[in-house]
Every structure is written in C-alpha cells, then in structure tokens.
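Report on one structure; see the data block that follows.
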C-alpha cells in the first residue's frame with residue numbers, strides 16, 4: 076500500500092483544522108514532507124478552506140434588517156481587496172491543484188516544527204513561521220526560534236535570511252495592540268530588517284465579527300488577505316514552512 | 040448560577056453583537072438574504088425568551104448556533120410535504136445584471152456550496168467561517184464527532200470537484216493554465 080493511502084482525508088482535514096495533538100500533527104507533517112501526493116491533497120484542502128472563508132466574507136445584506144446591530148452597520152472598507160484576494164486565490168487556487176503537485180519537488184520546501192529547527196543545519200534562507208495559537212509555550216517557542224534564526228544568519232551578507240512570521244486564527248493575538256508579546260516583536264522588528272510579521276485578514280475579520288469592533292494591530296504587523304494563501308504561495312516558491 | 044438572571048440590556052447587547060456572525064452562517068446555509076435575516080431574528084428572539092437556559096457565558100456562541108440550527112430545521116420541517124431540504128434551489132443572490140467579475144468568482148464558490156447536501160453545508164461553514172472545533176460542531180448539530188469528520192471530508196472533496204468543473208465549464212480557454220502537470 077502506498078504511504079499516501081495511509082493518511083486519510085479525515086486526518087488531513089483534522090490537521091488543517093488544528094484538531095490534532097502534537098504527536099499526530101508531527102506524524103502528518105512528516106507524511107506531507109515525505110510524500111508528494113499527500114502534500115498535493117493537503118494543498119487542495121487548504122485552498123478549499125480559504126475559498127469558503129473568503130466567499131462569505133461579506134454576504135449580501137437583506138433589504139430589511141429586522142434587528143438593530145451596530146456590527147451590521149459597518150461595511151468592510153477593504154471590500155475591493157477582499158474580492159481581489161479571492162480572485163487571486165480562486166485563479167491561483169484552481170491552478171494550484173496543478174501547481175501544488177510541484178511544491179515538494181524543491182529540496183528546500185520542507186515542513187518542520189519549531190522544535191525541529193536547528194539554525195546551523197538549515198540550508199534554506201527563506202523561512203515562514205506559522206503561528207495559529209496563543210498558547211504561551213508555542214508562541215514563545217516561535218519567537219525564540221525566530222530570534223535564533225535571525226541571530227545565526229544575520230541581516231546582511233551571503234547568509235542573509237528572509238523570515239516571515241504569519242499569524243492566523245487565535246495566533247492573530249500576538250500582533251494585536253494589547254498583545255503580551257508586542258515588546259518581543261517590536262524588539263525583533265527593530266533589530267532586524269529581514270523579518271516580517273503578517274496578520275491574516277480572515278482571522279482579523281472573524282475577530283471583528285466576534286468582538287463587534289475593529290481589530291487594532293501593532294504597527295509592525297502587515298495585513299495579508301489570508302494566511303493559508305500566503306503559506307501555500309511561499310511553499311510553492313520554495314520556502315521552508317515551520318509550524319509554531 | 041445563571042449568568043443572566045433577567046433579560047438584561049447587557050444580554051441584549053451580547054446578542055446584538057452576534058447578529059452578523061449568525062446572519063453570515065444562516066446566509067451560507069440558505070443563500071437567501073431575507074430568509075437568513077429571518078432565521079437570525081428567530082434565533083435571537085428565542086435566545087431572549089430562553090435566556091434562563093444559558094448556564095455558562097462562554098457557551099453563548101454554541102448555544103446560539105444550536106438555536107439557529109433548530110430554526111433552520113424548523114423552517115423546512117414546516118414545508119416538509121413539498122420541499123426536501125437538500126433539493127432546495129438556493130437563490131444566487133449575488134447574481135445581477137451588472138454583476139462584475141469579482142462577484143462572479145464569489146458566485147462560483149456559492150454555487151459549489153449549494154451543491155452540497157444541507158448537512159455537509161452546515162458542517163463546512165461552521166468550521167470554515169466560524170472556526171469552530173469538531174466537538175463544538177458535533178454538539179451544535181447533535182451528531183457524533185465521527186460524522187462531523189466524514190461530512191466535512193465529503194464536503195471538501197465535492198467542493199473541489201465542483202469548482203474544478205465550474206472552471207472548466209466557464210473558461211475553457213484558460214484550461215492551459217491548469218494543465219501544466
């Protein structure tokens with residue numbers, strides 16, 4: 076039996092939806108890393124999830140609202156951006172079912188966890204750190220890993236690293252104005268010019284809907300339409316993906 | 040201990056804050072703005088009436104979505120003799136004469152969602168739009184977690200197939216773009 080057949084769609088979905096514990100997650104990550112077919116299936120599922128999220132970002136409103144709501148009154152100012160990003164994802168996404176077949180052909184396109192990262196052994200100079208949780212252990216591990224990588228490689232010279240830290244779901248909290256990690260992030264951003272902090276637009280929208288107010292981010296955070304889209308784009312470009 | 044011992048303004052504000060989220064999910068299930076609005080209103084009205092049943096504040100979201108699910112089921116139960124919930128022709132509300140390209144793309148996804156069974160549609164939207172856990176969805180829809188997983192799996196598989204087909208049907212001229220295997 077092929078290894079790709081040993082990983083079910085249910086397992087890949089559970090991985091995508093953050094339903095697995097560390098051991099199971101590591102198992103799936105390794106399977107994605109090792110098996111091109113599994114990586115393609117995972118990319119497909121990611122694209123679907125992205126598209127569904129974006130397609131209902133601004134549902135049409137009824138002609139008559141029968142319940143007063145302040146939250147309802149606010150229209151998304153970035154409507155154009157949202158639809159443009161959806162177009163990009165759909166266009167790229169549908170193409171992506173093919174493109175993604177090539178993702179892991181490149182040697183540097185590897186999936187790792189922060190605990191596996193050893194700066195001295197890492198060949199890739201383009202790394203994306205993904206954080207989707209506000210679990211202190213995971214956030215600290217992610218920020219510590221970022222610091223180690225930046226320290227080891229420096230901001231200049233032939234070893235110059237390109238590092239992106241992408242936050243979505245609950246992980247968006249690290250980039251919010253009241254984040255307990257804002258000082259660490261500010262410190263990294265001011266010390267190194269080769270690290271970028273990116274905030275997922277979908278997570279921001281969901282937080283806005285849940286809290287009924289605009290979500291304010293620290294100045295170091297850069298808005299992106301969708302974290303998963305950024306991750307897939309970077310993997311396609313040969314970056315190393317590291318799950319925080 | 041009851042969190043809201045009476046129908047307080049605070050409770051009403053909490054419900055009001057959730058209007059947009061409930062509406063978005065309701066819309067993703069029915070694709071009819073007015074029906075989605077009615078379902079949302081029914082949900083909030085029932086929540087106000089049954090506020091004493093809410094035991095924990097942090098269960099408010101799941102409780103509201105459970106009520107919304109019941110309202111959605113009730114809506115079609117009333118029409119059971121003539122309409123099957125999975126055969127409902129969902130109105131493509133985003134289509135109009137001056138439909139632009141962006142709306143067309145959104146409509147692609149909506150159309151693909153429409154082709155799912157109602158059960159699958161509910162699972163995939165609660166997970167992808169509300170970022171709910173499988174356990175929360177199982178509780179809201181009153182189904183086992185294994186059923187959540189299998190419905191989600193089938194839903195995403197079918198969405199992929201529908202979107203690929205739509206892309207093929209709509210623009211055969213671009214087929215070279217995704218034939219570069």
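Chains as they are written, first to last, in the working numbering: chain A, 76 to 319; chain B, 40 to 220.
Backbone N, C-alpha and C define an ideal beta-carbon position, used for all residues, glycine too.
Candidates the options: closest to residue i by CA position
i	options	result
residue 62 of chain B	B:76, B:70, B:52	B:76
residue 203 of chain B	A:99, A:126, A:111, A:104	A:126
residue 57 of chain B	B:74, B:69, B:87, B:73	B:87
residue 114 of chain B	B:74, B:195, B:174	B:74
residue 109 of chain B	B:146, B:85, B:183	B:85
residue 278 of chain A	B:49, B:196, B:184, B:171	B:171
residue 72 of chain B	A:135, A:112, A:87	A:135
residue 181 of chain B	B:102, B:81, B:89, B:68	B:102
residue 318 of chain A	A:258, A:218, A:255, A:88	A:218
residue 104 of chain B	B:60, B:90, B:205, B:197	B:60
residue 288 of chain A	B:53, B:47, B:48	B:53
residue 211 of chain A	A:284, A:254, A:94, A:240	A:254
residue 243 of chain A	A:111, A:300, A:228	A:300
residue 268 of chain A	A:283, A:110, A:228	A:228
residue 294 of chain A	A:90, A:310, A:285, A:272	A:272
residue 89 of chain A	A:290, A:298, A:121	A:121
residue 240 of chain A	A:302, A:265, A:118	A:302
residue 284 of chain A	B:78, B:176, B:183, B:100	B:100
residue 259 of chain A	A:133, A:216, A:138	A:216
residue 276 of chain A	A:256, A:119, A:298	A:298
residue 223 of chain A	A:248, A:104, A:266, A:209	A:266
Beta carbon of residue i nearer than 7 Å to that of residue j
i	j	result
residue 274 of chain A	residue 252 of chain A	no
residue 204 of chain A	residue 314 of chain A	no
residue 225 of chain A	residue 200 of chain A	no
residue 190 of chain B	residue 158 of chain B	yes
residue 263 of chain A	residue 296 of chain A	no
residue 82 of chain A	residue 101 of chain A	no
residue 123 of chain A	residue 199 of chain B	yes
residue 68 of chain B	residue 160 of chain B	yes
residue 55 of chain A	residue 281 of chain A	Lying outside 76 to 319, the shown extent of chain A, residue 55 of chain A is not represented and no answer is given.
residue 116 of chain A	residue 87 of chain A	yes
residue 92 of chain A	residue 166 of chain B	yes
residue 164 of chain B	residue 64 of chain B	yes
residue 188 of chain B	residue 99 of chain A	no
residue 238 of chain A	residue 270 of chain A	yes
residue 32 of chain B	residue 131 of chain A	Any answer about residue 32 of chain B is impossible in this case: the structure gives chain B only from 40 up to 220.
residue 205 of chain B	residue 147 of chain B	yes
residue 201 of chain B	residue 154 of chain B	yes
residue 286 of chain A	residue 173 of chain B	no
Where residue i sits in the DSSP three-state scheme
i	result
residue 202 of chain A	strand
residue 186 of chain B	helix
residue 71 of chain B	coil
residue 318 of chain A	strand
residue 298 of chain A	strand
residue 95 of chain A	coil
residue 136 of chain A	coil
residue 111 of chain A	helix
residue 210 of chain A	coil
residue 164 of chain B	helix
residue 169 of chain B	coil
residue 256 of chain A	coil
residue 77 of chain B	helix
residue 246 of chain A	helix
residue 63 of chain B	helix
residue 308 of chain A	helix
residue 71 of chain A	The question about residue 71 of chain A has no answer here: the residues shown for chain A are numbered 76 through 319.
residue 94 of chain B	coil
residue 100 of chain B	helix
residue 84 of chain A	helix
residue 115 of chain B	helix
residue 261 of chain A	helix
residue 199 of chain B	helix
residue 147 of chain B	helix
residue 313 of chain A	coil
residue 129 of chain A	helix
residue 155 of chain B	coil
residue 372 of chain A	No statement about residue 372 of chain A is possible, as the shown extent of chain A runs from 76 to 319 and does not include it.
residue 47 of chain B	coil
residue 119 of chain A	helix
residue 57 of chain B	coil
For residue i, the residue or residues it bridges with in DSSP
i	result
residue 20 of chain A	Outside the shown range of chain A (76 to 319) lies residue 20 of chain A, about which nothing can therefore be said.
residue 193 of chain B	Paired residues: none, contrary to the question.
residue 251 of chain A	A:292
Cβ-heavy atom distance, residue i to the ligand FAD, below 6 Å
i	result
residue 96 of chain A	Annotation note on the ligand FAD: not contained in the displayed structure, which lists no ligands.
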